[in-house]
Amino acid sequence: MFKFIFATTAIILFFSTQGALQVRAEEVPKPTVNAHGAILLDAETGRVLWGKQEHSPLAMASTTKIMTAIITLESGRMDETVTVSSKAAAAPKVKMNLTAGEKIRLGDLMLALMLESSNDAAVAIAEHLHGSVAEFCAVMTEKAREIGAKDTLFETASGLDSNNDNHSTPYDLAIITRYALEVDGFLALTNTRSANFSSNKRSYSFNNRNRLLNEYAGANGVKTGFTNKAGHCFVGAAKRKIDGEDMQLISVVLASGWGQKGKSQKYIDSKEILNYGFNNYTYETIITAENTAGSVPVTRSRTVEIPYAYAEGLRVPLNAQEKTAIAVEVLVPSNIKAPIQAGDMLGTADVYIGENLYAKIPLFAVENADRHDFKTSLEKVINALFSQLTAYPVDIALPDFTTE
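For the sequence shown, the working numbering gives the first residue as 137, with consecutive numbering after it.
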């Protein structure tokens, strides 16, 4: 182990601010939304670009079904036939009016679930995959924990109000959705505009109720929701080219309002948030992986110093003001005692956006530095001598009698 005496080097990176970027970020109006809780998240990096009570637990209505879809898609059982139970058939509206004993493909139930938010489909899916809604919800909650959604509890597969504590936060729903966008089949499902299929009893026809798909350029998801408790909720997603690069943003609004006004307000809120992101943020590469960051002196070696490099790259969406407030603080030992192997971690590069620590990038040794001092030289001489005098090589290690 190395004895670390840290030396700090600060590198301030300034980015060009020409044209429209000369407007200071604080002069750009922040989103104004009616929602009680809301967030804007960059899908590529997971960076929160804006929030309003984003960590407050709130009822989430049918945005619950995003996780229902994740569990179902990841099961790999989309072509299985589901036999509808009487409990599923009795689920409250909104529903596709399934009947007890009806047989239907699991993948078709998913279309009803995500396009028109059918609650009987949610119950039928949950019972088919895990035997009961309660067991399915336990799996949903555990999956949320794995993703990083620590303040989310699923007590229903549909999101309906009852005597339950089914809740999440805008932040949790955003990171759940970020995960969902990478699940095979999820985007195709949420972007389906209409669907027609049949069970063993009847035919069904559904249209996607997500108005954002038709009203907002680049929209590609995700899920509407409403209950008397939750109000009108919406998780939206959109992808656009910004300075020639794809930017995928996720918006969440919970409790945007009630009644007919709230039904429209959730889309107004969502567009306001997404516009803020697309109009004010672009990606900047702050660190390039494996670029040399500096060098550190080496003791007890013929190597005087070894270079170190960034173990990871860092690309971040930034607004105009943030581009002039990036600092990279390199923390490495003042010197390192040999031996050193290429790839050994030597320290970190701490990246600040303004006063806030954003990321810690490991720094690794680029080259080897073999140990060379009196002790190691003597060991080599003695081992070479014994190797010549005996039939078997001997590896002798002397006690470390050197001083610091």
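In this text, a Cβ means the ideal position worked out from N, Cα and C, and glycines have one as well.
Predicted model only: the values in this text are computed from it and were never measured.
Pick out whichever of R507, M203 and I404 has its Cα sitting closest to the Cα of A262.
Mapped onto the sequence shown, residue 262 falls at position 126. Checking every option, the nearest Cα to that of A262 belongs to M203.
Applying the 10 Å Cβ sphere with the 16-neighbour rule, what's the burial state of L493?
Here residue 493 refers to the residue found at position 357 of the sequence shown. So L493 counts as exposed.
Taking three-plus beta-carbon pairs below 8 Å as touching, is the stretch 376 to 395 in contact with the stretch 403 to 415?
As far as the Cβ criterion goes, the stretch 376 to 395 touches the stretch 403 to 415, which means the pair count is three or higher.
Check whether the stretch 275 to 294 touches the stretch 376 to 384, taking contact to mean three or more Cβ pairs, one atom from each stretch, closer than 8 Å.
No: fewer than three Cβ pairs fall under 8 Å.
So, helix, strand or coil for N492, using DSSP?
As a working mapping, residue 492 is identified with position 356 in the sequence shown. In the three-state reduction of the DSSP assignment, N492 falls in the strand class, which pools E and B.
Taking contact to mean 3 or more Cβ pairs, one atom from each stretch, closer than 8 Å, check whether the stretch 310 to 330 and the stretch 161 to 179 are in contact.
Segment contact: the stretch 310 to 330 against the stretch 161 to 179, three or more CB-CB distances shorter than 8 Å; contact assigned.
Can you tell me which of the three DSSP states D405 falls into?
For the purposes of this step, residue 405 is taken as the residue at position 269 of the sequence shown. Secondary structure at D405: helix, using DSSP grouped into helix, strand and coil.
Express the C-alpha separation of A461 and E491 in angstroms, rounding to a whole number.
Your numbering for residue 491 matches position 355 in the sequence shown. Your numbering for residue 461 matches position 325 in the sequence shown. One C-alpha to the other measures close to 9 Å.
According to DSSP, is R376 helix, strand or coil?
Counting from one through the sequence shown, the residue named residue 376 turns up at place 240. Strand.
Do E503 and D486 have their C-beta atoms within less than 9 Å of each other?
For this step, residue 503 is matched to residue 367 along the sequence shown. For this step, residue 486 is matched to residue 350 along the sequence shown. No. Outside cutoff.
Got a sec, what are the start and stop residues for the alpha helix (DSSP H) M276 sits in?
Counting from one through the sequence shown, the residue named residue 276 turns up at place 140. From DSSP, the alpha helix (DSSP H) with M276 extends over V269 to I283.
Could you say which of V169, A258, E441 and A236 lies nearest to T199 if we only look at CA atoms?
Locating residue 199 in the sequence shown gives position 63, where the first residue counts as 1. Among V169, A258, E441 and A236, the Cα nearest to that of T199 is on A258.
Going by C-alpha distance, which of A445, E351 and T363 is nearest P228?
One-based indexing of the sequence shown puts residue 228 at position 92. The candidate whose alpha carbon is nearest that of P228 is T363.
Note the first and the last residue of the continuous alpha helix (DSSP H) segment covering R243.
Numbered from its first residue, the sequence shown carries residue 243 at position 107. Before going further, note that residue 243 is Gly rather than Arg in the sequence given. Residues L242 to E252.
Under the three-state DSSP convention, the category D486 falls into:
Translated into the one-based positions of the sequence shown, residue 486 becomes position 350. In this structure, D486 counts as strand in the three-state DSSP scheme.
Is it buried or exposed, N233, if we count other Cβ atoms within 10 angstroms and call 16 or more buried?
Counting from one through the sequence shown, the residue named residue 233 turns up at place 97. So N233 ends up on the exposed side.
Which of helix, strand or coil does DSSP assign to P99?
In the structure displayed, the chain extends from 137 to 540; residue 99 sits before or after that span and is not available.
Just list the residues that DSSP pairs N332 with in beta bridges.
Counted from its first residue, the sequence shown places residue 332 at position 196. DSSP output for N332 lists S341 as bridge partner(s).
If we ignore side chains and look at the alpha-carbon of each, how far apart do E420 and A495 end up?
Locating residue 420 in the sequence shown gives position 284, counting from the first residue. Locating residue 495 in the sequence shown gives position 359, counting from the first residue. If I take the Cα positions, the gap works out to 14 Å.
Ordered along the chain, which non-local residues of its own chain (more than five positions away) have a Cβ less than 7 Å from that of G395?
Counting from 1 along the sequence shown, the entry for residue 395 is found at position 259. Nothing meets the Cβ criterion.
Segment limits, alpha helix (DSSP H) that includes F322:
By one-based count along the sequence shown, residue 322 stands at place 186. Taken as a continuous stretch (DSSP letters only), the alpha helix (DSSP H) holding F322 covers F322 to T326.
Any idea if E210 is buried or exposed, counting beta-carbon neighbours within 10 angstroms, 16 or more meaning buried?
To locate residue 210, count along the sequence shown from 1; it is residue 74. It counts as exposed.
Element boundaries [beta strand (DSSP E), containing R213]:
Your numbering for residue 213 matches position 77 in the sequence shown. Following the DSSP letters along the chain, one finds R213 in no beta strand (DSSP E), marked with neither H nor E.
Please report the Cβ distance between T439 and A505, rounded to the nearest whole angstrom; I am assuming they are in contact, meaning their Cβ atoms lie under 8 Å.
The count along the sequence shown starts at 1 and reaches residue 439 at position 303. The count along the sequence shown starts at 1 and reaches residue 505 at position 369. Rounded, the Cβ-Cβ distance is 4 Å, consistent with contact.
Using only the alpha-carbon positions, how far apart do A445 and K166 sit?
Locating residue 445 in the sequence shown gives position 309, where the first residue counts as 1. Locating residue 166 in the sequence shown gives position 30, where the first residue counts as 1. Taking the straight line from one Cα to the other gives about 38 Å.
Residues near K231 by beta carbon distance below 7 Å, same chain, minus five either side
On the sequence shown, position 95 is the one that residue 231 refers to. Same-chain partners within the cutoff: S254, N255 and D256.
For E448, which option in P433, T219, A425 and T435 has the closest C-alpha, if you only look at C-alpha atoms?
Taking the first residue of the sequence shown as 1, we reach residue 448 at position 312. For E448, the closest of P433, T219, A425 and T435 by C-alpha to C-alpha distance is A425.
Would you tell me roughly how many angstroms separate the C-alpha atoms of V218 and F333, rounded to the nearest one?
Against the sequence shown, residue 218 aligns to sequence position 82. Against the sequence shown, residue 333 aligns to sequence position 197. Between V218 and F333, the C-alpha separation is close to 14 Å.
DSSP puts M383 in a beta bridge; with which residues?
Locating residue 383 in the sequence shown gives position 247, where the first residue counts as 1. Paired residues: R376.
CA-CA distance, V432 and D480?
Numbered from 1 along the sequence shown, position 296 holds the residue referred to as residue 432. Numbered from 1 along the sequence shown, position 344 holds the residue referred to as residue 480. Their Cα atoms are separated by approximately 13 Å.
C-alpha distance - S392 paired with L348, whole-angstrom precision:
Looking up residue 392 in the sequence shown gives position 256. Looking up residue 348 in the sequence shown gives position 212. Approximately 15 Å, taken between the alpha carbons.
With 16 as the cutoff for other CB atoms within 10 Å, does D301 come out buried or exposed?
As a first step, residue 301 must be located in the sequence shown, where it is residue number 165. Sixteen is the threshold: since fewer than 16 other Cβ atoms of the shown chains lie within 10 Å of the Cβ of D301, the residue is exposed.
Helix, strand or coil for Y417 per DSSP?
Counted from its first residue, the sequence shown places residue 417 at position 281. In the three-state reduction of the DSSP assignment, Y417 falls in the coil class, being assigned neither a helical nor a strand state.
Please name the residue or residues paired with R451 in a DSSP beta bridge.
Walking along the sequence shown from the start, residue 451 turns up at place 315. DSSP links R451 through a beta bridge to T421.
Considering just the uninterrupted stretch of the beta strand (DSSP E) at L176, what are its terminal residues?
Residue 176 sits at position 40 when you count from the first residue of the sequence shown. Counting along the chain, the beta strand (DSSP E) containing L176 begins and ends at G173 to D178.
Once DSSP output is grouped into helix, strand and coil, what is the label at S222?
Along the sequence shown, read from residue 1 onward, the residue named residue 222 stands at position 86. Look at S222 here: in three-state DSSP terms it is helix.
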